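A.B. asks:
In the working numbering, the protein residues as written are 162 to 402.
1. Determine the closest residue to residue 295 out of 308, 319, 328, with distance taken between C-alpha atoms.
2. Taking only three categories from DSSP, how would you classify residue 325?
3. Do you know how far the Cα of residue 200 is from the Cα of residue 317?
4. Are the stretch 278-286 and the stretch 301-308 in contact at 8 Å, needing three or more beta carbon pairs?
5. Of all the alpha helix (DSSP H) runs that stay within the bounds of the stretch 215-293, which reach a length of 4 or more residues?
6. With the cut-off set at 8 Å, would you say residue 193 and residue 290 are in Cβ contact?
7. Please list the terminal residues of the continuous alpha helix (DSSP H) segment that includes residue 339.
8. In whole angstroms, what separates the C-alpha of residue 243 from that of residue 310?
9. How many angstroms separate the CA atom of residue 346 from the CA atom of residue 254?
10. Please state whether DSSP places residue 333 in a helix, a strand or coil.
11. Could you check which residue in 169, 371, 195 has the C-alpha nearest to that of residue 293?
12. In three-state DSSP terms, what is residue 316?
13. Please determine if the stretch 332-343 and the stretch 258-270 are in contact, where contact requires at least 3 C-beta pairs separated by less than 8 Å.
14. Measuring only the C-alpha atoms, how far is residue 252 from residue 301?
15. Output yes or no for whether 8 Å exceeds the beta carbon distance between residue 218 and residue 203.
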């Protein structure tokens, strides 16, 4: 992997870990009244700074061909693939979720998603991180830097599986490793298919915005449906006994 890409990965890792030191430091100097306020501030600050630094590092690559010599798809076709990619990513997530639930016996509820929804409910501005800055950072790190470097030296499958597993692991939701890996595969495919990193970035943003929007705007309705489904399941089990 090129030195520039190593720098990008290191910056991303430092961003993720920086809160361990930064939040207590902010509280120690009396900048914030609570750990929650300090955490919110640092999440915004660290994500924005990391994105700016990474974009600066990538300036020399503007106008260059991709590392794996893939020509860029014309913009009209790329726009079409944004919609196709969203459908593929959503379908892949559903398929992976069904496999986890029916074959592996894993609950469909995601702890990572629940934490994100809680943050958005507590601080609506956090949706900017979830739907804009986060997807840009993750695609630049996992698809452009990691996947792109691996794909140049191996093949699509190996590069996609390694980068997707790392992508899944970073979300610290190991129960749903299959779901994150499936989504990572779709994003990698979109990058190779279109030759434009902006395509998986936009699809990733749309996916996050869609999930958060559904959970936040229709949370009461979702809870009602889940209660009804649970009641129906209990009645079914009682009827079979």
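Beta carbons: idealized from backbone N, C-alpha and C, even for Gly.
Predicted model, so just to flag it, every value in this text is computed and none were measured.
C.D. replies: Once the coordinates are examined:
1. Numbered from 1 along the chain shown, position 134 holds the residue referred to as residue 295. The shortest Cα separation from residue 295 among 308, 319, 328 belongs to 328.
2. What you label residue 325 is simply residue 164 of the chain shown in a count that begins at 1. Helix, per DSSP.
3. As a working note, residue 317 is residue 156 in the chain shown. As a working note, residue 200 is residue 39 in the chain shown. The alpha-carbon atoms of residue 317 and residue 200 are separated by roughly 38 Å.
4. no
5. 236-263, 272-283
6. Position 32 of the chain shown, counting from 1, holds the residue named residue 193. Position 129 of the chain shown, counting from 1, holds the residue named residue 290. Result no, Cβ atoms of residue 193 and residue 290 do not sit closer than 8 Å.
7. Residue numbering aside, residue 339 sits at position 178 when the chain shown is read from its first letter. Residues 338-355.
8. One-based indexing of the chain shown puts residue 243 at position 82. One-based indexing of the chain shown puts residue 310 at position 149. Between residue 243 and residue 310, the C-alpha separation is close to 23 Å.
9. As a working note, residue 346 is residue 185 in the chain shown. As a working note, residue 254 is residue 93 in the chain shown. Computed Cα separation, rounded: 11 Å.
10. Reading the chain shown from its first residue, position 172 is the one you call residue 333. Here residue 333 sits in coil by DSSP.
11. As a position in the chain shown, residue 293 is number 132, starting the count at 1. The shortest C-alpha separation from residue 293 is found at 371.
12. For the purposes of this step, residue 316 is taken as residue 155 along the chain shown, with counting starting at 1. Looking at residue 316 - three-state DSSP - the assignment turns out to be coil, as it is neither helix nor strand.
13. yes
14. Position 91 of the chain shown, counting from 1, holds the residue named residue 252. Position 140 of the chain shown, counting from 1, holds the residue named residue 301. Distance between the alpha carbons of residue 252 and residue 301 is about 23 Å.
15. For this step, residue 218 is matched to residue 57 along the chain shown. For this step, residue 203 is matched to residue 42 along the chain shown. No, these two residues do not count as a Cβ contact at 8 Å.
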